[in-house]
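Trainee:
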Amino acid sequence: KAGVTQTPRYLIKTRGQQVTLSCSPISGHRSVSWYQQTPGQGLQFLFEYFSETQRNKGNFPGRFSGRQFSNSRSEMNVSTLELGDSALYLCASSGGDRGGETQYFGPGTRLLVL
Amino acid sequence: DQQVKQNSPSLSVQEGRISILNCDYTNSMFDYFLWYKKYPAEGPTFLISISSIKDKNEDGRFTVFLNKSAKHLSLHIVPSQPGDSAVYFCAASANEKLTFGTGTRLTIIP
Numbered sequence: 002k003a004g005v006t007q008t009p010r011y012l013i014k015t016r017g018q019q020v021t022l023s024c025s026p027i028s029g030h031r032s033v034s035w036y037q038q039t040p041g042q043g044l045q046f047l048f049e050y051f052s053e054t055q056r057n058k059g060n061f062p063g064r065f066s067g068r069q070f071s072n073s074r075s076e077m078n079v080s081t082l083e084l085g086d087s088a089l090y091l092c093a094s095s096g097g098d099r100g101g102e103t104q105y106f107g108p109g110t111r112l113l114v115l
Numbered sequence: 009d010q011q012v013k014q015n016s017p018s019l020s021v022q023e024g025r026i027s028i029l030n031c032d033y034t035n036s037m038f039d040y041f042l043w044y045k046k047y048p049a050e051g052p053t054f055l056i057s058i059s060s061i062k063d064k065n066e067d068g069r070f071t072v073f074l075n076k077s078a079k080h081l082s083l084h085i086v087p088s089q090p091g092d093s094a095v096y097f098c099a100a101s102a103n104e105k106l107t108f109g110t111g112t113r114l115t116i117i118p
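Those protein sequence lines, which keep their order, are chains A and B. In terms of my numbering, the first sequence opens at residue 2 and continues consecutively. In terms of my numbering, the second sequence opens at residue 9 and continues consecutively.
1) Tell me whether Asp39 of chain B sits in a helix, a strand or coil according to DSSP, three-state version.
2) Which chain B residues are close to Gly107 of chain A, counting only those with a beta carbon under 7 Å from its beta carbon?
3) Below 8 Å, how does it come out for the stretch 16-28 of chain A and the stretch 63-82 of chain A: are there three or more Cβ pairs, yes or no?
4) Taking DSSP as the reference, what is the three-state secondary structure of Gly85 of chain A?
5) Ordered along the chain, which non-local residues of its own chain (more than five positions away) have a Cβ less than 7 Å from that of Gln37 of chain A?
6) Spatial neighbours of Ile117 of chain B within its chain, please: C-beta separation below 8 Å, excluding the five flanking residues on both sides.
7) In the DSSP output, what is Asn75 of chain B paired with across the bridge?
8) Could you check what DSSP says for Gly43 of chain A in three-state terms: helix, strand or coil?
9) Mapping the DSSP letters down to three states, classify Asp3 of chain B as helix, strand or coil.
10) Can you find a CB in chain A that lies within less than 9 Å of the CB of Lys105 of chain B?
11) Check whether the Cβ of Gln11 of chain B lies closer than 9 Å to any Cβ atom in chain A.
12) Considering Cα atoms alone, identify which of B:Asn35, B:Asn65, B:His84 is closest to Gln10 of chain B.
13) Using a cut-off of 9 Å between C-beta atoms, extract the partners of Gly68 of chain B located in chain A.
14) For Ser18 of chain B, which residues from the same chain have a beta carbon less than 6 Å from its beta carbon, with the 5 sequence-adjacent residues on both sides left out?
15) Measuring only the C-alpha atoms, how far is Thr115 of chain B from Thr71 of chain B?
16) Using a cut-off of 7 Å between C-beta atoms, extract the partners of Thr103 of chain A located in chain B.
17) State the Cα-Cα distance for the pair Asp63 of chain B and Ser52 of chain A, rounded to the nearest angstrom.
18) Please confirm whether Thr6 of chain A and Gly96 of chain A have their CB atoms less than 9 Å apart.
19) Closer than 7 Å by C-beta to Ser66 of chain A: which residues in its own chain qualify, once you throw out the five before and the five after it? Chain order, please.
20) Give the residues from the stretch 91-115 of chain B that approach chain A closer than 9 Å (Cβ to any Cβ), ordered along the chain.
21) The beta strand (DSSP E) that contains Asn30 of chain B, what's its start and end?
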């Protein structure tokens, strides 16, 4: 079974721009969660989607948004990029019927904002 | 409010010895706990988990211990190998959400 895939793997943007990241979950998984990792901050939860609906949300500003498609693929969008948005963005999928289950991560997208 | 804490940012252990990684939590509603391992430039990899109804779970060289009264979780790796050098994250589940600690960087010294 193929693992979680994320595209692109690396991205350089400038302040004020917007960015869209993509995640394809493991086949059959219906839940997709997004995390931001920065040095010293661990994995900060952004949001979780299940069956095209946002099921859980972390404490990030509204500039961070996401969506999920009928095939469970998910996208995350960050608008009006700030320097502090430079981070590794990780997507994880799980079977999804109950949140908080074991999640399987993709390789991440490293975003650099200049 | 950091509900899941890994108070040691780094740990060095001699190859062949036991590595013990610790994690403390504050939320008594957590009912499922996990450990992940992360290499640079890769996503975290699931290692082992434990339900709150157990106090120990073992998988090969990896054993996770849960002390609910102390709200403490630990991961034991024995014997430690050079390939175990990575950042380890503990995570806890409550209200259908996973909360991660900040990670401990484990270095195995040959």
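C-beta: ideal position from N, C-alpha, C; glycine also.
Mentor: On the basis of the data shown:
1) coil
2) Gly51
3) yes
4) helix
5) Gln45, Leu47, Ala88, Tyr90
6) Ser20, Val21, Gln22, Glu23
7) B:His80
8) strand
9) No answer is possible for residue 3 of chain B: the residues shown for chain B start at 9 and end at 118.
10) yes
11) no
12) B:Asn35
13) Result: empty, since nearest Cβ-Cβ is about 17 Å, beyond 9 Å.
14) Arg113
15) 18 Å
16) Leu42, Phe54, Ser57
17) 34 Å
18) no
19) Asn78
20) Phe97, Ala99, Ala100, Ser101, Ala102, Asn103, Glu104, Lys105, Leu106, Thr107, Phe108, Gly109, Thr110, Gly111
21) 27-33
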